[in-house]
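Below: one structure, written as structure tokens.
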Amino acid sequence: MGEVYRARDTRLDRDVAVKVLPANLSSDPNLRQRLEREAKAVSKISHPHI
Numbered sequence: 004m005g006e007v008y009r010a011r012d013t014r015l016d017r018d019v020a021v022k023v024l025p026a027n028l029s030s031d032p033n034l035r036q037r038l039e040r041e042a043k044a045v046s047k048i049s050h051p052h053i
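Residue numbering for the sequence shown follows the working numbering, starting at 4 and increasing by one per position.
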């Protein structure tokens, strides 16, 4: 559904994943909502292997 990049959150001092929707999908409100729900769910996970 998109490209994922590894980044560093300097405020929290931890690695994070940044997912970017392709331009042709970003105009779909349902897909944007899905991405937001996914981001909220994943942000609650803290595990060294994820």
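By construction, the Cβ of each residue, glycine as well, lies at the ideal position given by its N, Cα and C atoms.
Please identify the residue among the options whose C-alpha is closest to the C-alpha of residue i.
| i | options | result |
| --- | --- | --- |
| Met4 | Pro25, Arg17, Leu15 | Pro25 |
| Val21 | Ser49, Ser46, Tyr8 | Tyr8 |
Under 9 Å between the Cβ atoms of residue i and residue j?
| i | j | result |
| --- | --- | --- |
| Val19 | Asp12 | yes |
| Ser29 | Arg35 | yes |
So who's on the other strand from residue i, going by DSSP bridges?
| i | result |
| --- | --- |
| Glu6 | Val23 |
With H, G and I counted as helix, E and B as strand and the rest as coil, what does DSSP make of residue i?
| i | result |
| --- | --- |
| Arg14 | coil |
| Pro51 | coil |
| Ser30 | coil |
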